[in-house]
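Worksheet for the structure shown next.
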Amino acid sequence: MGKKRVLIADDDLDVLEVIKAILEHEGFQVSTARDGEQAFKLLRKHMFNAVILDVVMPKVTGTKLLHLMRKSSKFRDTPVMLLTGRNAVEEESSVKLANDFLTKPFNTRDLIKRVKMLAEGLPANVQQPPNPHPVPSRK
Numbered sequence: 304m305g306k307k308r309v310l311i312a313d314d315d316l317d318v319l320e321v322i323k324a325i326l327e328h329e330g331f332q333v334s335t336a337r338d339g340e341q342a343f344k345l346l347r348k349h350m351f352n353a354v355i356l357d358v359v360m361p362k363v364t365g366t367k368l369l370h371l372m373r374k375s376s377k378f379r380d381t382p383v384m385l386l387t388g389r390n391a392v393e394e395e396s397s398v399k400l401a402n403d404f405l406t407k408p409f410n411t412r413d414l415i416k417r418v419k420m421l422a423e424g425l426p427a428n429v430q431q432p433p434n435p436h437p438v439p440s441r442k
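In our numbering, the protein residues as written are 304 to 442.
As structure tokens, this is what we get:
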């Protein structure tokens, strides 16, 4: 099976390049966009296993693009992670539409783990369920 494709959209070139380098090192095929409009053009051109959208971008914001994706039968099921410098509660309606969100600054290992899970179609921000067979305590 080929490399998993990830689209990253962020207007901060430094953040964009860092995430791209991290994910390429992990074996992903990465495409980048500097704004939501450019990201939407790439979405229409290629299929992606996961999309990372900065919330605040020029032209079309990440939240606006996420809303457009969820209304489209073609992109409705594409896993999306919102990347934000804000408290996620401020973007509550968009967070509910996203599969995951990550606040800047972020932990590199956490980013990698979450993107791998999203690209595989697994929930990334859901805590592990409790062990169905817990070890009984010895009192």
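Built from N, CA and C at the ideal position, the CB exists for glycine as well.
Lys-362 sits close to Glu-340, with the two beta carbons spaced by under 8 angstroms.
Between the stretch 417–428 and the stretch 353–368 there are three or more C-beta pairs closer than 8 angstroms, enough to call the two in contact. When DSSP states are grouped into helix, strand and coil, Asp-403 belongs to the strand group. About 5 angstroms separates the Cβ atoms of Lys-407 and Gly-388, confirming a contact at the 8 angstroms cut-off. Within the stretch 309–374, the alpha helix (DSSP H) runs of at least 4 residues that lie entirely inside it are, in chain order, 316–328, 339–348, 365–374.
Collapsing the DSSP output to three states places Leu-385 in a strand.
Measuring C-alpha to C-alpha distances from Glu-327 to each of Leu-425, Ser-376, Ile-415, Gly-424 identifies Ile-415 as the nearest.
For Leu-421, the uninterrupted alpha helix (DSSP H) segment begins and ends at 411–422. With a contact defined as Cβ atoms closer than 8 angstroms, Leu-319 and Ile-311 qualify at about 6 angstroms.
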